[in-house]
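Colleague:
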Ligand SMILES: Cc1cc2nc3c(=O)[nH]c(=O)nc-3n(C[C@H](O)[C@H](O)[C@H](O)COP(=O)(O)OP(=O)(O)OC[C@H]3O[C@@H](n4cnc5c(N)ncnc54)[C@H](O)[C@@H]3O)c2cc1C
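Residue numbers (this note's numbering): 2 to 308.
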């Protein structure tokens, strides 16, 4: 337990290290990252998406990117996202898009991020593609929810994420009730303090169940982003007992995680969406996954020696 906490903190620390981020980019997608990342460009990700679709899995792609500090870079990111939307449409892929507001300029200014989001959403709307705003660390949560609410007035094809480790999440969920939200409910992946977040796994899990229950009973389409068998079983059972159709929710899992469970759920008639990250900036994402599940370190080590 103590070792697990140390390694979690260690990998979360590494995930924020800009020097190592640069170093990792030079090395390319090594260290086993290719097992959980779809490639360094969208073209690399296309055959991966096609295979997932053939397996009956839906996809949401995420162009990895963190630490965007210039307007030029944020505009480039926006352009990249629009290109991936065009590719999804062109190749008739069954895929949505996920993105992070910091990669579009959230830390630079609100006008810039709004402008970039509208460019992306206008394009996505043309092809009936849904865009989900990932939730980042708690310091960005308030802004993200505000931006979501504002954009949701004009764009139906928009979703966001609620993290059950945050104390504020129950209220956020309630406040979003009136805008017909499309929400992905997750536990939360960032390093937070007891000031804003539950630190005990039991509390985080309990709160996730509460959020799933409230959102499903509210009649909203719900994505459950979890690899946890207990959460998956709870959702299935709750839906069955309350006559909630399989059309009202989907399970979402990260690419490369629990592949057999993903396929089994599809066999049982559930909708499953795989979150597929791609891009050169795989480092921070990869470190957060190692922090969540130290068992992943094993395939990282294998990756280093097998190349
Ligand atoms: C599609 C998707 C999108 C996400 N988007 C965001 C986001 O926008 N913002 C954010 O902060 N976080 C996001 N997350 C991450 C999320 O918040 C959690 O950090 C992450 O999913 C780990 O929690 P868990 O519920 O999967 O399981 P955990 O609580 O980590 O683990 C519970 C149990 O599940 C099983 N388990 C978990 N992972 C695995 C595995 N890989 N293989 C086998 N068994 C496993 C184990 O039995 C484990 O004990 C996302 C997750 C998913 C799946």
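Yeah, the Cβ is synthetic: ideal placement off N, Cα and C, and Gly gets one too.
All of these numbers come straight from a predicted model, not from anything done at the bench.
Assuming residue 1 and residue 47 are in contact, meaning their beta carbons sit under 8 Å apart, how far apart are those beta carbons, in whole angstroms?
Modeller: Summary: the structure shown does not reach residue 1, with the chain confined to residues 2 through 308, and so no result is reported for it.
Colleague: Classify residue 65 as helix, strand or coil using the three-state DSSP reduction.
Modeller: Residue 65: coil per DSSP, three-state reduction.
Colleague: Is the beta carbon of residue 162 within less than 6 Å of some heavy atom of ligand 2?
Modeller: Among the ligands present in this structure, namely ligand 1, ligand 2 is not found.
Colleague: For residue 168, which option in 263, 106, 204 has the closest C-alpha, if you only look at C-alpha atoms?
Modeller: Comparing Cα-Cα distances from residue 168 to each of 263, 106, 204, the minimum goes to 204.
Colleague: Quick check: does the Cβ of residue 65 come within less than 6 Å of any heavy atom belonging to ligand 1?
Modeller: No, Cβ of residue 65 sits at least 6 Å from all heavy atoms of ligand 1.
Colleague: Taking the beta strand (DSSP E) that residue 163 belongs to, which residues open and close that run?
Modeller: Here the beta strand (DSSP E) through residue 163 covers 159-164.
Colleague: Do you know offhand how far residue 163's Cα is from residue 140's?
Modeller: In a straight line, the C-alpha of residue 163 is about 14 Å away from that of residue 140.
Colleague: Using the Cα positions of residue 41 and residue 243, report the straight-line distance between them to the nearest angstrom.
Modeller: Those two C-alpha atoms are separated by around 43 Å.
Colleague: Which residue's Cα is closest to the Cα of residue 197: 275, 107, 142, 260?
Modeller: Comparing Cα positions, the closest option is 142.
Colleague: Quick one, which of 246, 96, 49, 216 has its alpha-carbon nearest residue 130's?
Modeller: Residue 96 is the option with its Cα nearest to residue 130.
Colleague: Is the CB-CB distance between residue 226 and residue 290 below 7 Å?
Modeller: No; because the gap between Cβ atoms is not below 7 Å, this pair is not in contact.
Colleague: Cα separation between residue 51 and residue 224?
Modeller: Computed Cα separation, rounded: 22 Å.
Colleague: Tell me whether residue 91 sits in a helix, a strand or coil according to DSSP, three-state version.
Modeller: It is helical.
Colleague: Who pairs with residue 97 in a beta bridge, going by DSSP?
Modeller: In the DSSP output, where bridge partners are listed per residue, residue 97 has 61.
Colleague: Can you check whether the CB of residue 156 is closer than 7 Å to the CB of residue 134?
Modeller: It is not a contact, given that the beta carbons lie outside the stated cut-off.
Colleague: Taking 7 Å as the threshold (C-beta atoms), are residue 158 and residue 126 in contact?
Modeller: It is a contact, given that the beta carbons lie within the stated cut-off.
Colleague: If we count Cβ pairs, one from each stretch, closer than 8 Å, do we get three or more for the region 270-283 versus the region 240-259?
Modeller: Touching, yes, given that three or more Cβ pairs across the two stretches are closer than 8 Å.
Colleague: Determine which residues share a DSSP beta bridge with residue 226 and list them.
Modeller: 253.
Colleague: Taking the alpha-carbon positions, what's the residue 278 to residue 63 distance?
Modeller: Taking the straight line from one Cα to the other gives about 4 Å.
Colleague: To the nearest angstrom, how far is it from the Cα of residue 293 to the Cα of residue 165?
Modeller: For residue 293 and residue 165, the distance between alpha carbons rounds to 15 Å.
Colleague: Rounded to the nearest angstrom, what separates residue 285 and residue 147 at their Cα positions?
Modeller: Going from the Cα of residue 285 to the Cα of residue 147 covers about 25 Å.
Colleague: Count the other CB atoms, across all protein chains shown, that sit within 10 Å of the CB of residue 39; report buried if there are 16 or more and exposed otherwise.
Modeller: Under this definition residue 39 is a buried residue.
Colleague: Following a CB-centred definition, is residue 288 positioned closer than 6 Å to any heavy atom of ligand 1?
Modeller: Answer for residue 288: no, Cβ out of range of ligand 1.
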